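This report refers to the structure that appears directly beneath it.
There are 2 protein chains.
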Amino acid sequence: MTYKVGLLGLGTVGTGVAKIFQAPAGRHPLLPEIEIALVGVRSLNKQRDVAINAEIVTDDLESIVNDPAIDIVVEVIGGIEPAKSLILKAIANGKHVVTANKAVIARYGNEIFTAAKQKGVYVMLEAAACGGIPVIQVLKQSLGGNRISELTGIVNGTTNYILSRMYFEGADFGATLAEAQKLGYAEADPTADVDGFDAADKMTILASLAFGDRIKLEDIYREGIRSITSADINYAKELGFTIKLLGIARRVEAKDAQDRHLEIRVHPTLIPIQHPLANIHGVTNAVRIEGDPIGEVVLSGPGAGSGATASAVVADIINVVAVLKSLPNQINQLMGCSHEHYAKIAPIENTVTQFYARLLTHDKPGVIGDLGTAFGKHSVSLNAILQKNTIHDGLAEIVVVTQKVSELNFQQAIATIRDLPTLHSIPTVLRVI
Amino acid sequence: MTYKVGLLGLGTVGTGVAKIFQAPAGRHPLLPEIEIALVGVRSLNKQRDVAINAEIVTDDLESIVNDPAIDIVVEVIGGIEPAKSLILKAIANGKHVVTANKAVIARYGNEIFTAAKQKGVYVMLEAAACGGIPVIQVLKQSLGGNRISELTGIVNGTTNYILSRMYFEGADFGATLAEAQKLGYAEADPTADVDGFDAADKMTILASLAFGDRIKLEDIYREGIRSITSADINYAKELGFTIKLLGIARRVEAKDAQDRHLEIRVHPTLIPIQHPLANIHGVTNAVRIEGDPIGEVVLSGPGAGSGATASAVVADIINVVAVLKSLPNQINQLMGCSHEHYAKIAPIENTVTQFYARLLTHDKPGVIGDLGTAFGKHSVSLNAILQKNTIHDGLAEIVVVTQKVSELNFQQAIATIRDLPTLHSIPTVLRVI
């Protein structure tokens, strides 16, 4: 007897999945017991990078999720619709689902997992965050004995590629983005990546698993990398930092249980060059997990691409099949979702962190004094201040790094500084980890 | 209903395990359904770092593995006996086993897993290699879709601590070992660590899971770090390398299926400073896995210690309990062992790798020519040659790094060089990755 998979989508990821099943030698011994029985595509005539028997290919995707012979529906179409409806229909039909769709899970995870629980089926999502890095299973199972306090990650390959090139080559954002687009590392419309939407989707999923609560995507503070210039990268270097788009999720303890909450944010971040995420370059993703009693664990690997994502999809498929083989009518609690409550997430104003700011001022005596007074007035202590030579048109560039301060105090100080007559502009404000 | 654990051993790891179950808040929701029902210790009077109800503590370890109420036996005693016999008796009594015992698994895994298969019980070993790093489950499940081609690891914390300090402080091996012993990072008898025995045990386990075959410990080539001097570390630095005790396991392909084999070795290794394992310092462990289609994944974290190892033990316990809860009489194939054959492992002579050698020669004209001729005669091409100023007593220090050559050719060249009248001695020979 074989277990029958209905594969929705034969793009990059779907092709990768099909190729693994076509060459099972040297892989997990369960693979030959699994069959890709049906493949759903948008266009039947498109040239494919993998040979699939035409008889099992259909453009009627609904027929796959409705087919009683299918045990597991693998959704690798991407995008919200029709993916979301197909997932829900598959669940309604009692099928297990494996999905790589971070956008759907981050937005409709609640609805999907509630439906899955009612029907007693699995919804597996290893491929939905960080591609090939096995971080989902690690959070769900391997670190189950731990109380996770922090999860920090480079979870978007496109922005990490751009920032790595800016760091090593001194190039500016626009030129590097254009190059990344030419090389296929960035989409024609790069918004999802460079503005942090994709990273926020993934952090919703990762934080939910790390902290055992449901997370609302809209509660996550999000900021992209468009404002980063080569000047910022150079100052960061000089100060012993690199700049990465980080997802940061932290458990914030409090004496009063009611005050305990999470902090989840996605923004470009200065990180010290000795930090374990500082040397993750190019499209590579990495996640650093801190917990009690384990301490620090770092996982890195390819965050996207055909092979890496397919590896994660296949891991989920064999996990489901292994359970189906032994316990067809029971749910393994480690593989299901046990979250019932939404986490309390603090607004960004409550965050306590260090800041980096680059300011352009009129080159007049007393400028530094004015800045210092404004910061001091709002209880913002400074860690470092760099003043470079006048750059042009009588403007001086000043870079400050604060000590740990509340976001609210810092923003108030910045508002005060914007009103200083000596100030020209504040091109960049970044957080520091 | 709770699931009953019999804990054998209340040392560092056992204490860590007990502490996790005593404070389940914020950890996996399955924990409160699991009870440490019995604890076996060698001495009932020893002061412990954790409060355990005296009524459940016994020094009759056999009584625990024979107790019909116990579902899972957790063996964290260490050492070969009585651990091995207790594990086998627990299996014979139909109990699932969780063990952190790399020495027993590396030597008697065959017997133990065969017995477990016959009785239909799990033997879980996440804690037996690399402590808290969840590499066992990753190999068994998360990377199941991949054909693993190489697994390379820093799998011994003691030697990595020593080599890191030698690298950063320029200290010599003996002094650093003494310091490590004083700080508790090395045992009074450091043999198991510094001579690579512990690393070889772990590589037996990791390679078996990566490549899906049983591995005989005695087939693994093993070399420790006692010969490394600060001079070698400095030369390595100058050449762009660091020195680590690496476990290296590789699948060697061949056209003829009969010629396919594995290469598994543990030895101090020069690794380029950009290599993902080069910046793993101190007692941290890390494993780099290369597979198709995933590419490269790196996992790092604490390789030993109470909390990290306990984290791995508890992960195994909840994995077993999750399965027991859903259906007690079936085996999940992903958690069992499916290996039936021993791998074919090549002798070290067949290895093809780069070498580093430090030679002391009499400072006479023609020395370099003599060396070059000797290497050339055995088809050993050189990548780099460094000759420093005469150091003392008319001796010159020469360092060579070869291109990739067969171990056999290299050793023959070294034998020829040992006979050269201009040679004084060859203090160090190391391999390069």
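Residue numbers (UniProt numbering), protein chains in the order written: chain A, 1 to 433; chain B, 1 to 433.
In this text, a Cβ means the ideal position worked out from N, Cα and C, and glycines have one as well.
This structure is a prediction, so every number in the text was calculated from the model and none was measured.
| Item | Value |
| --- | --- |
| Mind checking which residues open and close the alpha helix (DSSP H) that includes K89 of chain A? | 83 to 92 |
| Determine the extent of the beta strand (DSSP E) in which S326 of chain A is found, giving its start and end residues. | No beta strand (DSSP E) holds S326 of chain A; the alpha helix (DSSP H) holding it covers 306 to 326. |
| Could you work out which residues of chain B lie near S208 of chain A, taking near to mean beta carbons separated by less than 7 Å? | In chain order: nothing, as chain B lies at least about 14 Å away. |
| Does the Cβ-Cβ distance between S381 of chain A and N409 of chain A come in under 8 Å? | no |
| Taking N279 of chain A as the query, report the chain B residues whose CB atoms sit under 7 Å from its CB, ordered along the chain. | N279 |
| I need the straight-line Cα distance from K244 of chain A to V65 of chain B, nearest angstrom please. | 52 Å |
| Beta carbon of T58 of chain B, beta carbon of L38 of chain B: below 8 Å? | yes |
| How would you call H267 of chain A, buried or exposed, if buried means at least 16 neighbouring beta carbons within 10 angstroms? | buried |
| Please go through the same chain and pick out, in chain order, the residues whose beta-carbon is closer than 7 Å to the beta-carbon of H261 of chain A, but skip the five residues on each side of it. | V252, K344, I345, A346 |
| Helix, strand or coil, according to DSSP, for K4 of chain A in the structure here? | strand |
| To the nearest whole angstrom, what separates the beta carbons of A210 of chain A and I289 of chain A, a pair I think is in contact under 8 Å? | 7 Å |
| Give the residues of chain B in contact with V5 of chain A, contact being defined as C-beta atoms less than 9 Å apart. | Neighbours of V5 of chain A on chain B: none; closest Cβ ~13 Å, over 9 Å. |
| Using beta carbons (cut-off 8 Å, strictly below), is N26 of chain B in contact with chain A? | Reading off the sequence, residue 26 of chain B comes out as Gly, not Asn. True, the Cβ-Cβ gap to chain A drops below 8 Å. |
| Taking a contact to mean a Cβ-Cβ separation below 8 Å, would you say T351 of chain A touches E407 of chain A in this structure? | yes |
| List, in order along the chain, the chain B residues whose C-beta lies closer than 7 Å to that of P302 of chain A? | I294, G295 |
| Tell me which residues share the same chain as I87 of chain B and place their Cβ nearer than 7 Å to its Cβ, disregarding the 5 neighbours each side in the sequence. | E75, V97, T99, V104, I112 |
| Write down the C-beta distance between A249 of chain A and A286 of chain A rounded to the nearest angstrom, noting that I regard them as a contact closer than 8 Å. | A249 of chain A to A286 of chain A, Cβ: 15 Å. No contact. |
| Buried or exposed for F21 of chain A, going by 16 or more other Cβ atoms inside 10 Å? | buried |
| Between the C-alpha atoms of Q354 of chain B and R147 of chain A, what's the straight-line distance to the nearest angstrom? | 44 Å |
| Alpha carbon to alpha carbon, how far is L277 of chain B from P82 of chain A? | 43 Å |
| Measuring only the C-alpha atoms, how far is V320 of chain B from V121 of chain B? | 10 Å |
| Look at the alpha carbon of K102 of chain A and the alpha carbon of Q181 of chain A, and state the distance between them as a whole number of angstroms. | 22 Å |
| Going by the DSSP bridge assignment, what does N279 of chain B pair with across the sheet? | For N279 of chain B, which the question treats as bridged, DSSP gives no partner whatsoever. |
| Determine the direct distance from the alpha carbon of L7 of chain A to that of R42 of chain B, and round the result to whole angstroms. | 56 Å |
| Using CA coordinates, which residue listed in A:A236, A:Q258, A:E263, A:A254 is at the minimum distance from K216 of chain A? | A:E263 |
| By the DSSP assignment, the alpha helix (DSSP H) with K102 of chain A in it spans what residues? | 102 to 119 |
| What residue from B:V432, B:A396, B:R431 has the CA that sits closest to L423 of chain B's CA? | B:A396 |
| Measure the Cβ-Cβ separation of S425 of chain B and D292 of chain B and say whether it is below 8 Å. | no |
| Which chain A residues sit within Cβ distance under 9 Å of P134 of chain B? | P134, Q137, V138, Q141, S142, L143, V297, L299 |
| Which residues share a DSSP beta bridge with M124 of chain A? | A:V98 |
| What beta strand (DSSP E) runs, 3 residues minimum, are completely inside the region 140 to 186 of chain A? | 147 to 154 |
| Out of A:Q141, A:T158, A:L183, A:T12, state which residue places its alpha-carbon closest to the alpha-carbon of G212 of chain A. | A:Q141 |
| Starting from the N-terminal side, write out each stretch of the alpha helix (DSSP H) that is 4 residues or longer and does not extend beyond the UniProt domain "ACT" (356 to 433) of chain A. | 367 to 377, 407 to 418 |
| Which residues in chain A sit within 7 Å of L334 of chain B, going by Cβ to Cβ distance? | I318, N319, A322 |
| With distances taken between CB atoms, is the gap from R358 of chain B to T428 of chain B smaller than 8 Å? | yes |
| Chain A beta carbons: is any one of them nearer than 8 Å to that of G282 of chain B? | no |
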